[in-house]
Amino acid sequence: MNNYKDFTYIELHEGKILANFPNVGDMLFSSYDEFKAYVDGYLITKKFFVEIEKELRNDIERHPKFCEGFCEECSNMIFPRMEIVMKERNSKKEPTAETALFEKLASAFSAYLHGNKKESLNHFAQLGAIIFRCMEHVQKEVEAGT
Numbered sequence: 001m002n003n004y005k006d007f008t009y010i011e012l013h014e015g016k017i018l019a020n021f022p023n024v025g026d027m028l029f030s031s032y033d034e035f036k037a038y039v040d041g042y043l044i045t046k047k048f049f050v051e052i053e054k055e056l057r058n059d060i061e062r063h064p065k066f067c068e069g070f071c072e073e074c075s076n077m078i079f080p081r082m083e084i085v086m087k088e089r090n091s092k093k094e095p096t097a098e099t100a101l102f103e104k105l106a107s108a109f110s111a112y113l114h115g116n117k118k119e120s121l122n123h124f125a126q127l128g129a130i131i132f133r134c135m136e137h138v139q140k141e142v143e144a145g146t
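One point on numbering: in this note's numbering, the residue at position 67 of the sequence shown is 67, and numbering is uninterrupted.
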């Protein structure tokens, strides 16, 4: 038995990892890196999800009606262009948190505007992942006092 951040796991043949998670049970991972990414992601989301959930409840209470609509009429011109610009920028230089966030936001709305609702949902989920990672980064700076 091995341990990674208080999660016990067993190394199986061909580098596979078997681990047990609370409320989930046994999970099989194809590699140690996949297992570590799962644990790290779980710990990050668990840490910030409570805060996000609290803000969501407060927002629903303050604003029971979410918005008047989903997109502005001019969004058909803005988001597809923004998506192209951000993808081009991020392919030429290392993305920053800001440019990664803008690219994914533009991709989500662009897909929605083109009628690709499932793709849009996927991009919004990826956007959520970027937000969690941004929160983790800022939290580390808060803890370091920088």
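Note that the Cβ used here is the ideal one computed from N, Cα and C, for glycine as well.
If you count every other CB in all the chains shown that lies within 10 Å of the CB of residue i, and 16 or more means buried, which is it?
i	result
Ile84	exposed
Met1	exposed
Phe70	exposed
Leu28	exposed
His123	buried
Ala156	Here the chain has residues from 1 to 146 only, and residue 156 is not among them.
Ala144	exposed
Ala37	exposed
Looking at C-alpha atoms only, which residue of the options is the closest neighbour of residue i?
i	options	result
Met77	Ala111, His137, Lys118	Ala111
Asp6	Phe79, Ile130, Cys67, Val39	Val39
Tyr42	Phe21, Gln126, Ile131	Phe21
Ser30	Ile10, Lys47, Lys46, Asn23	Ile10
Ala125	Lys16, Ala144, Leu105	Leu105
Ile17	Gly25, Asn3, Val24, Tyr32	Tyr32
Determine the direct distance from the alpha carbon of residue j to that of residue i, and round the result to whole angstroms.
i	j	result
Thr146	Cys134	15 Å
Ile44	Gly128	12 Å
His114	His13	46 Å
Val142	Glu136	10 Å
Phe132	Glu55	14 Å
Cys67	Asn90	31 Å
Lys92	Glu103	13 Å
Gly15	Val24	22 Å
Arg62	Asn3	44 Å
Shorter than 7 Å, the distance from the beta carbon of residue i to the closest heavy atom of the ligand ATP, or not?
i	result
Ala19	Although the ligand ATP was asked about, the structure shown includes no ligands whatsoever.
What span of residues does the alpha helix (DSSP H) with residue i cover, start to end?
i	result
Glu61	32 to 62
Met82	75 to 92
Phe102	97 to 113
Give the range of the beta strand (DSSP E) segment to which residue i is assigned.
i	result
Val136	The sequence shown places Glu at residue 136, rather than the Val named in the question. Element bounds for Glu136: not the beta strand (DSSP E) but the alpha helix (DSSP H), 117 to 144.
Glu11	7 to 11
Met27	25 to 29
Phe21	17 to 21
Does the CB of residue i have a neighbour CB from chain D at under 8 Å?
i	result
Asn3	Any reference to chain D falls outside this structure, which holds one protein chain only.
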